[in-house]
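In the working numbering, the protein residues as written are 13 to 394.
For each residue, glycine too, the CB sits at the ideal point set by N, CA and C.
Reading through the structure tokens given below for one structure.
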Ligand code: GLA
């Protein structure tokens, strides 16, 4: 892929480009907690977006070629937003880092990658991260990785319309081989948690449902949490976000809340605890407890946060019954995408051999299986 991107650059543009990559991510546990100032446990994966890029000396003119869409676009950085969604990510992140002080000029770029699209592996965060990282380097910026993650998140807010948290961009930028990132989304401090998967596999099974509801329902969930917090904050002035809210507070003030908001808030408090408990267990080598927390996360996301779908529930339910699957849960924003499994090496083949036909019989399609390895974050390759 890397060679292909560099070769295509030379075919379409002048000169010798630099080459960068930023990976997609998985999240072992902790969903819908990031925008509530909570905890998450993501990691970067061995599938990435690659970008060959070179400043072109033209004031603010950007020429882009997307390998995956086999399409070219030219836009001005200070002009209107491009029509193509994929170009908006680049336009957005370039403008966000300019606002943070990087003097971004015109550039030519070719990009493409092997992060499966629409499977919930954060291909869009990988795209934002690779361009944020590359442009910061190419134009002599001094932004650090935290600021670049923020620029990617703001791209989603200001140019795409998804009010996401910072997990995906953070994982793409900070990922490290064999390491999970326990991120405190309030302070943005993180603890690297060694993840030695010897004897185990991380496997994703794609429900084949494209998460079309994801952006609208995602923003609704975020609002429901904020509404819950506002009720508690009326009584408890120290409460700023769901991170500050306890079950006791919800017992006290929950009757003033919309019951749906109450349910969402309870889920987030529990999910934060599952991240902490799961991490502690993992550090002690107590894999079984870690897995139980993963399973609990799925049940909560499905029943209390209501961001699952029948296909995801089917896969997770199948996994929870299967000997050798340590833990399994839907992952990411929801309404489609993948179930992440942490599974014993020796159960890998028999599990998939049993799941695939059962899923196909029920839903008429074979689910896609994506094996991932935990890898490094954004970097310059050449
Ligand atoms: C999407 C968002 C993230 C996070 C997850 C749910 O991936 O981009 O910020 O909120 O959903 O955990």
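- Counting only residues of its own chain and dropping the five nearest sequence neighbours on each side, residue 262 has a CB closer than 7 Å to the CB of 274, 277, 278.
- Non-local C-beta neighbours of residue 185 in its own chain, meaning closer than 6 Å and more than five positions away in sequence, comprise 141, 157, 160, 161, 389, 390, ordered along the chain.
- Distance from the CA atom of residue 376 to the CA atom of residue 221, rounded to whole angstroms, is 12 Å.
- Counting only runs of at least 3 residues, the region 77-123 fully encloses the following beta strand (DSSP E) elements, listed from N- to C-terminal order: 83-88.
- Secondary structure note for residue 280: its alpha helix (DSSP H) is the uninterrupted segment 271-295.
- By the C-beta density criterion, residue 206 is exposed, having fewer than 16 other C-beta atoms within 10 angstroms.
- Taken through DSSP and simplified to helix, strand or coil, residue 68 comes out as coil.
- Boundaries for residue 257: no alpha helix (DSSP H) harbours it, and the DSSP string shows neither H nor E there.
- Between residue 63 and the set 320, 125, 350, the nearest pair of CA atoms involves 125.
- About 6 Å separates the beta carbons of residue 281 and residue 259, which is inside the 8 Å limit, making them a contact pair.
- For residue 135, the CB stays at least 7 Å from every heavy atom of ligand 1.
- With a cutoff of 7 Å, residue 46 counts as near ligand 1, since its C-beta is closer than that to a heavy atom of the ligand.
- Taking the Cβ of residue 43 as the reference point, at least one heavy atom of ligand 1 falls within a distance shorter than 7 Å.
- If you check the CB distance, residue 346 and residue 223 come in under 8 Å.
- When DSSP states are grouped into helix, strand and coil, residue 210 belongs to the coil group.
- Distance from the CA of residue 166 to the CA of residue 362, rounded to the nearest whole angstrom, comes to 43 Å.
- When secondary structure is reduced to three states using DSSP, residue 342 falls in the strand class.
- When Cβ pairs closer than 8 Å are counted between the two stretches, the region 96-113 is seen not to touch the region 35-55, the count staying below three.
- By alpha-carbon distance to residue 27, the top candidate from 52, 67, 15, 176 is 67.
- The beta carbon of residue 345 sits closer than 7 Å to at least one heavy atom of ligand 1.
- Using a 10 angstroms sphere on the CB of residue 35, the tally of other CB atoms reaches 16 or more, which defines it as buried.
- Note: residue 39 is bridge-paired with 54 in the DSSP secondary-structure output.
- Burial is judged here by how many other beta carbons sit within 10 angstroms of a residue's own beta carbon; residue 353 has at least 16 and is buried.
- Scanning its chain for C-beta atoms nearer than 7 Å, with the 5 sequence neighbours on each side dropped, one finds around residue 326 the residues 371, 374, in chain order.
- Secondary structure note for residue 142: its alpha helix (DSSP H) is the uninterrupted segment 135-150.
- No Cβ-Cβ contact shorter than 8 Å links residue 269 with residue 312.
- Partner residues in the beta bridge of residue 216, as assigned by DSSP, are 352, 382.
- Residue burial is scored here from C-beta neighbours: residue 16 has fewer than 16 other C-beta atoms within 10 angstroms and is therefore classed as exposed.
- Rounded to whole angstroms, the separation of the alpha carbons of residue 218 and residue 30 is 33 Å.
- One alpha carbon belongs to residue 383, the other to residue 320, and they sit about 22 Å apart.
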